[in-house]
Every structure is written in structure tokens, then in C-alpha cells.
Amino acid sequence: MQIEHALRAVNKGGTALGIKASNGVVIVTEKKLPTPLIDESSIEKISVITETIGMVYAGVGPDFRLILRKARRQAELYKLRYHEPIPVSQCAREIANIMQEYTQSGGVRPFGISLLVAGYDHNGPQLYQVDPSGSFWAWKASSIGKNSDNAKTFLEKRYSDSISLEDAINTAILTLKEGFEGEMDENNIEIGIVDENKKFKCLKPSEIADYLNEIGD
Amino acid sequence: MQIEHALRAVNKGGTALGIKASNGVVIVTEKKLPTPLIDESSIEKISVITETIGMVYAGVGPDFRLILRKARRQAELYKLRYHEPIPVSQCAREIANIMQEYTQSGGVRPFGISLLVAGYDHNGPQLYQVDPSGSFWAWKASSIGKNSDNAKTFLEKRYSDSISLEDAINTAILTLKEGFEGEMDENNIEIGIVDENKKFKCLKPSEIADYLNEIGD
Amino acid sequence: MQIEHALRAVNKGGTALGIKASNGVVIVTEKKLPTPLIDESSIEKISVITETIGMVYAGVGPDFRLILRKARRQAELYKLRYHEPIPVSQCAREIANIMQEYTQSGGVRPFGISLLVAGYDHNGPQLYQVDPSGSFWAWKASSIGKNSDNAKTFLEKRYSDSISLEDAINTAILTLKEGFEGEMDENNIEIGIVDENKKFKCLKPSEIADYLNEIGD
Amino acid sequence: MQIEHALRAVNKGGTALGIKASNGVVIVTEKKLPTPLIDESSIEKISVITETIGMVYAGVGPDFRLILRKARRQAELYKLRYHEPIPVSQCAREIANIMQEYTQSGGVRPFGISLLVAGYDHNGPQLYQVDPSGSFWAWKASSIGKNSDNAKTFLEKRYSDSISLEDAINTAILTLKEGFEGEMDENNIEIGIVDENKKFKCLKPSEIADYLNEIGD
Amino acid sequence: MQIEHALRAVNKGGTALGIKASNGVVIVTEKKLPTPLIDESSIEKISVITETIGMVYAGVGPDFRLILRKARRQAELYKLRYHEPIPVSQCAREIANIMQEYTQSGGVRPFGISLLVAGYDHNGPQLYQVDPSGSFWAWKASSIGKNSDNAKTFLEKRYSDSISLEDAINTAILTLKEGFEGEMDENNIEIGIVDENKKFKCLKPSEIADYLNEIGD
Amino acid sequence: MQIEHALRAVNKGGTALGIKASNGVVIVTEKKLPTPLIDESSIEKISVITETIGMVYAGVGPDFRLILRKARRQAELYKLRYHEPIPVSQCAREIANIMQEYTQSGGVRPFGISLLVAGYDHNGPQLYQVDPSGSFWAWKASSIGKNSDNAKTFLEKRYSDSISLEDAINTAILTLKEGFEGEMDENNIEIGIVDENKKFKCLKPSEIADYLNEIGD
Amino acid sequence: MQIEHALRAVNKGGTALGIKASNGVVIVTEKKLPTPLIDESSIEKISVITETIGMVYAGVGPDFRLILRKARRQAELYKLRYHEPIPVSQCAREIANIMQEYTQSGGVRPFGISLLVAGYDHNGPQLYQVDPSGSFWAWKASSIGKNSDNAKTFLEKRYSDSISLEDAINTAILTLKEGFEGEMDENNIEIGIVDENKKFKCLKPSEIADYLNEIGD
């Protein structure tokens, strides 16, 4: 029951989605801005865990901050112990284990968030989804939050294993645009990418604008 | 459910609002005085966290005092560790993290308050809102408490990014005046400002009176 | 809900009230004596916290004793640390913080009392009211317990900032007399005062009798 | 609610009463003996706390034993610390504080007893009543348990401040006799007294018989 | 309510009874054997606490075993501390205190047993009854368990203070026989006695048979 | 109530029974095999505690494993302390004490099993039954689980104190056969015995088959 | 009740089954892929515990990960202590003990999974099923999850003790195929085997494809 409550919180969250391309991964999310008074530039729904791994959430923002802190701590511990960056799958697993623990122990409640974890390591580009129950799977492309069912149907039609990161970025934007309420611009979406350089980075508004223009043509 | 209970407490609290100007931030609040017997001069709904950061609340006063003590302690710890004042965003984040923790742990209840945190640091003027769930966002202008929806609509119409602190103060007073029950005077509102000097200060009743006179003209 | 239960207990308690005069503070309370068999001289509803601060309660007597012990301990700690008596506002704040804590933690219940804290320090005469929620405010004059609403209305009409302590004592007695069941005498009310000497003291029955005679004339 | 449950237990307990005389205090109680098979001589409803203080209870006997042990421990601690016997009021206060604590903490229930504490110290003879809520007051004369309301009415009529201990003992016996079911004799009541010698003692059956004979004349 | 549950368990237990004679104490109990398949010789409802004290229970057998272990430990501690055997009243008191504690603390339930504790010390022969609430009294003769009310009426009629132990044993057997279902023999009752030698002992079946024959004559 | 839940679990368990003969003890049990796919040879419902003591259960298998581990640990501790094997009665008592503890403490539930404990020591052959409440008795013959009432009636008719172990084994098998669903063979029952050699052992299927053939003749 | 909740979770899990052959063990499972977007290659429902033991689950995936970590830790501890690999039965027992513990303690809930544990040691090939209650049995062949009842009926008909591992693999695939929704291929099932080499391994998709082709012929 607590899990279902958590899932409802996820499904009310702003849509986010990710696509694993042949040479990288992209994650995008809408930023839900109920009013223009919010300073968009201060909102980061996509966050960096390590140099090579980033993630985006749908659901309860404050819960995300807590899991982000815990994920970073796990990643640091890993690096201290093994003198190399935490692999993407291991990172997603650690997050998922924490989230599982919060479903089985007394005195706490499950996290009200789903996550898309994107990274690039010696196993290539990788995209993981983690849910409140603590389940996690690798995806070629996935979506979480409000319109995630439609977005996944959309992605199924367009996805191919050989998709390039550039195409994936465009596909991700187009998918998000499908269910987008109002006009999409460089300030109300976020895009995070990681390519063969193994550096996860969030695109600047100007870079996002370029992609939007390209698509708009 | 506990969160909803907390939000109801917030919405019964006296209206407060804040505006981020190009060269500073202003926060104002009404002081809810059910009877003239209360000594207005002793009530401070706007409180100083550090030299450069202040905050105002709507909701359960005693809960505010607790979060204020915790916020000040975090700010001191930051200074001890990094030998510089805590940045505004970091300060708001620490407060938000504490409030998130109280939503997820057993044996405690969420805080029955929303906050507007105003400060000025190397990133310029900043205004944050923190809610009982622990969510926090940067705002250009926002309002919390009883008439916050109307106040936000009012602010949306009047806000411009290039607004000066002086104009922001006047706009803040005018917005608060909209939903104000009874006559507004220098004793039943509070105003806190921070400008390029990076000192947060509460205006004296005489200073508030000057602004009120100016507007009244 | 627990808070409402506590407030009901307060509202069933015997009426108490306080008035801040220009040169001192007075607090008075009825002593609820269901039977003449109780030794009136042994009942102290007004208690001394420090040399300069006293308080009276309405509500659950045993809860008052606990908060009194805690208040005294805080006052002693303050003196040990700062080598000067605890200021009145700080004392009221410490009491209020303890009472707030009992509303938010598991395993305890809120205190079933409201308090009037009266003292005189370098900031002059001061009167604070503390409620079960932990809220506290400075008052010019206030009342707690059974007839507190009527008493406050009465006080609003008669209060002036320039009132002298002597007049305040008389006003306090008259206000209490309004809702008093049965004959008021020196044994069924208590009066505590603090003046410019900064010594809080409870009046002796003979002193109270003098005031009553004066009024009776 | 738990307090009400405790009070009901008190009101089902055997009647006890106490009278503070000008030169001493007497407490008396019936011993509820459902059957002659119980060895009356082994039952002590009146117990000694220190040389100078005794008490009697109405309500749940086993709860009384626990509070008796705790009271004795507090009295010993006091003596160790201050090298003089605990004053009666302090002793009653310590007992009351323990009983208050059991009303406010989780994991325990309030004590199902009311107490009459009688003693003689440098402040003269004293009689305190302590209730399950932890409230305690000094009384001239009081009664607890089954017929306590009637007994108090009876005492109100007969009490005078100048009453001697001898008269008080007779009055106490007469009062208890009013609501007594069956024949009163030296084995089914207990009498404890303390006089100017500051020694609390329980009367022997033969001494009680003498008082009963005297009254019977 | 938990106490009432415990009392019901006691009243379903097999009848036990005890008689304090002028020169000793006897306790007897039926052994409830639902089937002849149970090895009667292995059942001991009467147990030895110390050389001089024994006890019998009615109610939940496993609870009895726990209290028996605790009673023995207390008795040993007493001996270690004071270098003499624990007096009977002290032993009963310790047991009663443990049982009281289980009625007032969270996380445990009251013991589902009543006890008759029989012993002989420098105060002579003694018989105590301890109930689930933790109350304990000295009795001349008492009964616990299924038919205890009838048994007590029976005992009241036949008891005299000057009864000898031999007569008491016979009276005890006759009383138990009153409500006994089926034929009484040396295997379905137990008898424990303590006399001026201050050794508590359980009678052997052959000894019991002798008493039964005597009575049968 | 929790105890009743535990007893229901016991009564749904497969029938087990035991007989104490003049020169040994036998315990037998059906193995409930819902499907032939289960590897019968891997199921042991009868388990060895020490060289001389074995036991069988009816009820919740996993609970049995826990009590088995605890029983073995107690038996080892006994041997370490006293340098001799734990006596059968002491072993049953330790198990029963553990099971009692689980009925009275918070945070755990009673064990959902009844046990038959069989052993041979200096007191000869012995058979104990332990129930979820923690009660334990020595039996001449007993049965637990599904058809235990019928089995006990059957045993009452056939039991004699002078029965030899060989006859007891046959009687045990015949009793179990009464309520057996389907054909009984060497794979769907288990037999454990202990004789004057004081070694508890489980019979091999071939040995069981011999007994079954003998009976079948 | 919590156990029933756990069992419902198991019965909603994807079907898994295992067959113990004369010379090895096979376990197979469907992979429930709600969408082709999930990266099948990243999902492992069959996991290795030690070199010689593997297991598959039906039910709540994140719970499985926790039990897997605990199982591996137990296996390592065993090896450290005894310098040899943990036997299969001991491994299943340790897992079952952990799962039992979660049914009896407060503050945690039972695991929402059933397991099939397959291994080969000095006792030959072995297959264990462990359920949420903590029960575990050795099976010749078994099935857990969605269609397990049908699958078990199917297996009962086809199983023989002398089945070879190759035949068992084919039988396992055919059984799984019975209730399979949609087309079965090398990517939507997993197969784990262990043979006389005592190495547990998961078949590669190409190996699975070979078996499927063989069957399809």
C-alpha cells in the first residue's frame, strides 16, 4: 500500500525520458513551472552523480535530493575502495538497494520517486530505471512520470539499436513534445547527455535552443 | 496525509511575500494581531539567519523557531568548515533537507510552515521558497500563507526582471495591501531587505512608515 | 488533535491574567478551591523562575510543575554560561521551545497548560504568554484559562500604555472580579508583581487584602 | 482517558481520610476484607516513608507498593544530599512528580491510586493529597476512595483549625464510621498519627480499640 | 482489560488451596489430567522456592515457570546479600512486585496466574496469595482457581486459628474433595507442607494415600 | 489470541505421535507430501537434538527449525557447563521456556508448533509434549497435529505401562494408520526411537518397511 | 496475513521451474518484459550464489536482490570457516532461516519471493524450493510463480528419476512453453544448469536458441 502511494506520487511527477544510443545516452525532462515567477535557471531536475553518471527523477523532489546525496556517497566510497569510478550498473544497483530497504523496514516510508540513471563506462552507454519498490532494469529507452505510458509507446515505434546520440537527442525531444502542455523552449526542459568521452553533462539553454530550432525546421 | 495537514496549517498563516529585484531582495509579511493587547514590537516574523540571509514564514510559529535554530546551526557549521558565509542556495537546501527528513522518519511530524529565504551572495540576490515536503525552488517573486494565490497572480502581472529594489519594496507593499484586512500601518507589517552590501536587515517602523506614506500619496 | 485536547484542558483551568505597566508587571490568578478543606496557603499558582521572573498557569497543575522545573534549569544554565540573569524574552523562548518539542516528538503528549511569564530586565517590564503549541508572544495585557475571552475584552477597554503598576494591580483585580464566582478575598486569589527593583514577588494575603479594601471603597 | 481509568480505580478503593490538627496529623483507612480468612494483621494500608512521614492510599494496592518504594528512595537521596530529613511538602512533591511523569510518557500507564501523605516538620503538621494526574495540594482534612465525597462533606462541617490531635483522631474515626459497612473494630481500620515528636506511627489494635470504646461510650 | 484476561485464565486453572495452621502451613492442588496418558508423576504444580518456602499456582502453567525462576533468583540474591534465608513475606513481596511491573510496562502482558506462597520463618507459619495485578495478602486459609469461591466458603466455616497442621491437612483435602470431579487419589492431587522444622516438602504419593485412607474411614 | 492462531497452525500440521515403552520411546509422524515431486528422502520431520534426545513437530516447519537450533544450543551449553548430557526433562523445559517467552514479549509472535520430545537418560525413557503457550508435560503416549484427538483416544485404549518398545512401535504405526489418508509406506512416515542404549535414531526406510510388512501380515 | 500478502506477490511473479536430473539440475524462468524497450541482456532472474549453486525467484525483484546478497555472505562465511564450499542443502537452509526470521520479528515484513535453489555437491544434484514462510524442501521438480500449479501437474506426468540433464532441459522448456504468453525465444527465457563438473552456469542466448530449435523440430 505504501508502495502504491509512492507510485501515485511518481505518476503525478513531470514527464522524463531517456534513450540509449549506440554512442551515448540522453535523458530529458520537462520542468513543471506552475508560474513564471519561479526562477527556471535554479531548477535542476537532472543531476550529476559522478563525472560519468547523471540521473533524472519523476515524483517528490525532496525525496530525490536525499537519494542523490546517498548515491553520491556510495559512488565516493566505491572510488575510495577500488580506485576507479563506480560502474553505471553498480551505481544503479546501490540506489535500488537503498530504495528497497525503505520498503521493508519500519519507521520509514518508501521513496516517492522513479529515476532514470544514465552513464557511460567500459561496458558502453547504459540507461537504468529505478522504481520505488527498488526494482531496476536496463532500458534501451524509457519514460517515467505523468505521460510515461504514451511516451513509451512513442519510443517503441521510433527506437532502433543503431540510433546515434544526435538522433536520440532529437527523438527524445520529439517524444517529450508529444505530451507537452504549452510551448516547449530552452527554459522549460532539461537535457543531459553522456557520450564516448564518458563525461555526463547537462546541455546549456543555448544548446537546447539549437536542437529545438533544428527540430522546428 | 501528514503533509496535507501541514499545508493546511501553512495556508491559515498570515500572508508573506518576497520579490527578487535586480539589486536586492525584499520580503514582507503581515503580522496577524488578533487583539491590540499583543505587543507588536516584540513580534518578529522575519528573522535573520546569517548576516546576509533572512527568512519569513507562514504557518505554525513554534515550528518556525525550531527550524530557525537548526538553520543557524547549519550556517555556523558551514562557516567553521569553509571559512566563508554559507551561500543562499546552500542555506535553503540545508533547511529543505531537514524538512524532508521530518516527512519520512517515524516518531516526528512534518513542519507546519512554508518559508521564504532571502539573501545576497557572490551569485547576486536570491529568493527561495521552502515547503513542508522539503521542496525548495528559487523564485523571482512568490507568496506563502493565506492569500498567496491572489498575491502570486498580482505579482505575475507586475514583475519584471529589471525591477529595482526600491520599486520591489513598493510592489511588495502594494501586493500585500490587496488582501490586507483592515488598515495597514508600520506596526502590522514587517519588511526585510538585502541589497548589494550583502547585509540583510529588517526595516524600522519609521522606515516602513515612509514607504507607506510614499505609496499613499 | 492532541493540541486541541491540551487547549481544552487550558480552557477549563482557573482564570489568570497579566498587565504590563509602564514601571512593572502584575499577574493575578484565582485559586480554584472546590472545598474549604484545602489549605489555601499551600497553593501557589504563581511561581518564581528566577529572582526577576515569575509565571502563572492555567490548565493541568502537574504539567505546570514539570515545566517550572525545566524553566528553572534553563535559567540556571544561562546564568552559569553568561554570568548574568536570563533575560525575560529568552526565558519565555526556552519554555516555548520545550513546549513545541512536546508537540512534534513521539512518545510524549503536549503540555496541558498556558503560561503568563512576567519579568523585568534591561529591556524594561515584560509580559509573555506561552501556549501548548509552543507559541509565545509579548503582550501588553492578556488572560488565560476559563474566562479569558471576556477578560481580554475587558482589558482592551481599560488598558493604556502609560498605566502605572499600582493602577495595573487594581485593574487586574477588577478584571478578575468580573467573572469571579463567589466572594473574592485575599485567600482565593494570588498576585505576583515585579517593578523597577527587578525583584519578582508574590503579594502576601495582607497586602492583597489592602488592595481589595481599596477597590471595595 | 487513561487518567479517568485511574480515577475510577481510586474511587473503587477503600475509604481513607486524614485530618491536620493544630499539633499533629491523623490518617485513617478502612481495610477492605472480603473474607475473615485474610490475616488482617498482615495488611498495612498505611505505610511509613520516613521517620516523620507516613501515607495511606485508595486504589490499586500493587501500584501503591511501587510508589512507596520510589518515595522511600527519593527520601533517602534527599537525606544523603542535604543531611536532614526530607520536608513533608518536598516528599509529596517528589511523589507527585513521579505520578505526573507516568501520565505523559509512552509505554507506561498512570498510577491507579490517590494518596494522603501526613508528616510533621519544621513547618508544623502537614497533610497532602496526591492524585493520579500528579496534582498535589495541602489539605486541612480530606478523604479519598469509595465514600470520599460524603466524608469530605462530613469533615467540612466538623473541622476547625484549632482542633487537637486527640479530637482529630476521634473525628476521623467518626467520619469513617459514617459510611462503614458492617461493624467497625480494631482490626478492620488502620490509624496513623504524627505529633510534635515528629515520629509517624501506626496505632496498635489495642490503641485503636481504646479510641473505639471511648467513642462508643 | 489485560488484567481481566489474566484473571479469567486464573479462574480456568485447577483448584488450589492453602491453610495456615498453628504449627505449619499446608497447600494442596488438584492436578488437571485430561487424559490418563499424561505421566502424573512428572507434573509438579507445587514447587519449592527455597528450603523453607513453597508455592502452588492456578492458571497458565508456563507463566508459572517463569515466575518460579524469577522468585528463586530473588531468593538467592537475598541470601547472598544478607546471609540468611529470605523471609516468607519478603519473598511474596518480591514476586508481587515483579507481577505488578508486568501490568504497568509496555511490551509485556500480565502473568496469567495466581499463587499461594507457603513458608515458615522466625515469624512463624505464613500463607500468602499473589494475584495477576501484583496484589498480595497474608491469609489464614485461601483458595485460587476454578472452584475457589466455594472452597473459600467451605474454609471459612471450618477454619480456626488453633488448628493443628495434621487437622489442616485433612481439612484441606476435604475442601478440595468438595468440588473434585471424579475420584480423588494419591496421583491426582499434590500436597505441600512446612512445619516447625522450617523445611517445605511435597508429600509422596504413599503419604497422600495414607491421608486419603484416614479420611475415607 | 496469538496463541489461538498458533494452535490453529498446529492443528493443521501433519499428525505425529509418541509412545513411552518400558524400555524405550518411539515417535512417528506422517510426512505430508502434496505432490510426488518432492524428494521425500530430504524431509526430516523428526530431528535429533542430542545423541540421546530427538523430537518431532506438528505445525509451521520453519518455526520448528528455529526452535531446533535454539534447543541444540541450550543442550550444548548444558554439556559445557556440567560435563554431562542434558537430561530429557531439562531439555524439554528449556524449549518450553523459550516458547513461553515468545508469548509474553512484544515484537515477536508465539511459535506455531507443538513438539514431542523423546529421550532416555538416568531416569529411564521419557516423552514430553511442548505446546505454543510453553506448557510441557511428560506423557505415556500422546499425539499432536491434525488427527491428534482421535489418535489419543486410540492410544488410551491400547496403552499399558509394561508395553515393550517393539510393541510400542507397532502400536504407533497402527495408530497413525487409523487416520492416514492414502496408502502408508516407508517413504511417507518417519519413525524415531531411543532404547536402553540411550542413542536416539531415525529408522531407515528399509527398517520401516519391515515393520509395515509385519503389521500387514 | 503478512505471509499471505507475500504469497500473492509470489503468485504474480513470472513462472520459474526446476528439474533435478540424474546427472545435474536445470532451472528455467520466463523474463517478464512488458516492453521491448527493456534491455533483455541486462536482466538476470537466475543468479549465481557460489560456483556450484544458483537460484531463480518468482515475486518481488528487489527483495530477491537482498536475499541474494545475504545468501552470498552466508556462503562466504561458510567457506572461511570450513575451507570448503557450502553444501547445497546448507545454503538453502541458511536462506530459509533468514526468511523465517523476517516472518517472526517486528519492524520488518516477510520477503515477497519464492526461490528455486539448484546445485551439485558431494551429495549429487539437488533442487530446493524456499517459500516466504521460510519453509524449504528438496524437490525432484517444482515450479513457482504465475502458472506454477499447471506447471507442477505437467512435471508430475513427465518426470522420471532417471531423466538425463539434456532431457530435463528439454522438458523444462516444454513445460514453461505450456503457459507461455506469446512466442518463446532465446531472449525471453533464462536457463541455468549445473552438472557433474559442479559448476553452475547460465546458458547463453545462442545455447538457448539451440535447445529451442531442437524442440521446434
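Protein chains in written order, with this note's numbering: chain A, 61 to 277; chain B, 61 to 277; chain C, 61 to 277; chain D, 61 to 277; chain E, 61 to 277; chain F, 61 to 277; chain G, 61 to 277.
Here a beta-carbon is modelled for each residue, glycine too, at the ideal position from N, C-alpha and C.
Treat the numbers as computed from the prediction; the structure is a model and nothing was measured.
Select from the options the residue whose C-alpha is nearest the C-alpha of residue i.
i	options	result
isoleucine 79 of chain F	F:Lys217, F:Lys130, F:Arg129, F:His182	F:Lys217
valine 114 of chain G	G:Arg132, G:Val177, G:Ser266	Looking at the sequence provided, one finds glycine at residue 114 of chain G rather than valine. Comparing Cα-Cα distances from glycine 114 of chain G to each of G:Arg132, G:Val177, G:Ser266, the minimum goes to G:Val177.
serine 213 of chain E	E:Leu234, E:Leu225, E:Glu226, E:Ser224	Sequence check: residue 213 of chain E is threonine here, not serine. Cα-wise, what sits closest to threonine 213 of chain E is E:Leu234.
leucine 236 of chain G	G:Gln62, G:Thr75, G:Asn71	G:Thr75
glutamine 164 of chain D	D:Gln62, D:Ile275, D:Asn273, D:Glu267	D:Gln62
alanine 232 of chain F	F:Ala81, F:Val168, F:Glu241	F:Ala81
glutamine 134 of chain F	F:Tyr271, F:Thr110, F:Val116	F:Thr110
serine 202 of chain C	C:Val88, C:Gly73, C:Ile127, C:Asn83	C:Val88
glycine 84 of chain F	F:Ile275, F:Lys261, F:Arg141, F:Arg129	F:Lys261
alanine 118 of chain D	D:Tyr271, D:Asn71, D:Val168	D:Asn71
glutamine 160 of chain B	A:Asp209, A:Val116, A:Leu126	A:Leu126
lysine 259 of chain B	B:His182, B:Lys206, B:Asp99, B:Ile103	B:His182
aspartate 191 of chain A	A:Arg129, A:Leu175, A:Val108, A:Leu140	A:Leu175
Consider the Cβ of residue i: report whether some Cβ of chain B lies at a distance smaller than 8 Å.
i	result
tyrosine 219 of chain C	yes
glycine 179 of chain C	no
serine 165 of chain C	yes
valine 168 of chain A	yes
Using beta-carbon positions only, say whether residue i and residue j come within less than 8 Å of one another.
i	j	result
isoleucine 106 of chain F	glycine 239 of chain F	no
isoleucine 173 of chain C	phenylalanine 124 of chain C	yes
tyrosine 180 of chain F	proline 170 of chain F	no
lysine 200 of chain G	tyrosine 219 of chain G	yes
alanine 228 of chain G	valine 120 of chain G	no
serine 266 of chain G	glutamate 246 of chain G	yes
leucine 77 of chain E	alanine 211 of chain E	yes
leucine 272 of chain G	methionine 244 of chain G	yes
Would you please verify whether the beta carbon of residue i is less than 8 Å from any beta carbon of chain A?
i	result
threonine 112 of chain G	no
glutamate 216 of chain B	yes
alanine 201 of chain B	yes
serine 208 of chain B	no
Within 8 Å (strictly less), CB to CB, does residue i reach chain C?
i	result
aspartate 191 of chain B	no
asparagine 83 of chain D	no
lysine 212 of chain D	yes
glycine 242 of chain B	no
glutamine 150 of chain D	no
serine 222 of chain D	no
Any beta-carbon of chain D closer than 8 Å to the one on residue i?
i	result
valine 108 of chain C	no
Would you mind giving the Cβ-Cβ distance between residue i and residue j, rounded to the nearest angstrom? I have them listed as a contact below 8 Å.
i	j	result
isoleucine 249 of chain F	lysine 92 of chain F	That pair is no contact at about 11 Å.
leucine 225 of chain D	aspartate 255 of chain D	6 Å
Answer with yes or no whether the minimum CB distance from residue i to chain E is below 8 Å.
i	result
serine 102 of chain D	yes
Quick check: is the beta carbon of residue i nearer than 8 Å to any beta carbon in chain G?
i	result
serine 195 of chain A	yes
- Pairing CB atoms from the region 151–160 of chain F with CB atoms from the region 190–202 of chain F, are three or more of them under 8 Å? yes
- Task: For the region 61–68 of chain C and the region 131–146 of chain B, state whether three or more C-beta atom pairs, one from each stretch, are separated by less than 8 Å.
- Result: no
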